[in-house]
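Report on the structure given below.
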Amino acid sequence: MPQAELQPESTGATPLPVTIESDDPLLNLVLKSLDDDQAQELVTIDLDGKSSIADFMVIASGRSTRQVASMAQKLGERMKENGFGHPRIEGLPAADWVLVDAGSVVVHLFRPEVRSFYNLERMWGFDGPSGAA
Numbered sequence: 001m002p003q004a005e006l007q008p009e010s011t012g013a014t015p016l017p018v019t020i021e022s023d024d025p026l027l028n029l030v031l032k033s034l035d036d037d038q039a040q041e042l043v044t045i046d047l048d049g050k051s052s053i054a055d056f057m058v059i060a061s062g063r064s065t066r067q068v069a070s071m072a073q074k075l076g077e078r079m080k081e082n083g084f085g086h087p088r089i090e091g092l093p094a095a096d097w098v099l100v101d102a103g104s105v106v107v108h109l110f111r112p113e114v115r116s117f118y119n120l121e122r123m124w125g126f127d128g129p130s131g132a133a
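Letter by letter, the sequence shown follows residues 1 to 133 of the UniProt record's numbering.
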C-alpha cells in the first residue's frame, strides 16, 4: 500500500515526519506531485466526520508566488493526465494562496507568510502528528 510522508506546520522545532497509508489514488497523486515539486510543510487532514466538502484537505507552502503557481498548474496537469479530470484552480493571478479543488481532495497552496496568517490547520483541528489522517 502506498505511503505518504507528512510534516506538521513549523513551530520552531524540527517537524517530525508522520507516515500515513492511503487507499485514495487521488490523494496519493496529490502528495507525490507536491513532493516532486518540493512543497514545504506538507500536511494532510482527514475530513471524514468534519466536513462533506471533501475527503481530504492538503495544505502546503511554496517559497515564492512563482513556485506556488507552478505547483498548482503542474498538479492540475498531472490530475488530467492520470484521468482525474480538470480540477478547479482559484487564486493563480496573485498566487499568495491557490486553491485546487479536485472533488474528494482539496489542496491549499500558500506562501509561508499567508499560510501563517490564515492558519487553516488550527481552524480544521489539525494538531500535529496525532491529528494526521
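Virtual Cβ for every residue (Gly too), placed ideally from N, Cα, C.
- The residue from 72, 42, 95 with its alpha-carbon nearest to that of residue 86 is 72.
- Taken through DSSP and simplified to helix, strand or coil, residue 61 comes out as strand.
- Counting every other CB atom within 10 Å of its CB across the protein chains shown gives residue 94 a total below 16, marking it as exposed.
- Here residue 79 is buried: its Cβ has 16 or more other Cβ atoms, across all protein chains shown, within 10 Å.
- If you look at residue 110, you'll find it in the beta strand (DSSP E) that goes 105-110.
- Linking residue 54 to residue 83 through their CA atoms gives a straight-line distance of about 18 angstroms.
- Residue burial is scored here from C-beta neighbours: residue 22 has at least 16 other C-beta atoms within 10 angstroms and is therefore classed as buried.
- Annotation for residue 35: the continuous alpha helix (DSSP H) segment containing it runs 25-36.
- Across the set 105, 112, 99, the C-alpha of 105 shows the shortest separation from the C-alpha of residue 46.
- Note on geometry: alpha-carbon atoms of residue 64 and residue 51 lie some 30 angstroms from one another.
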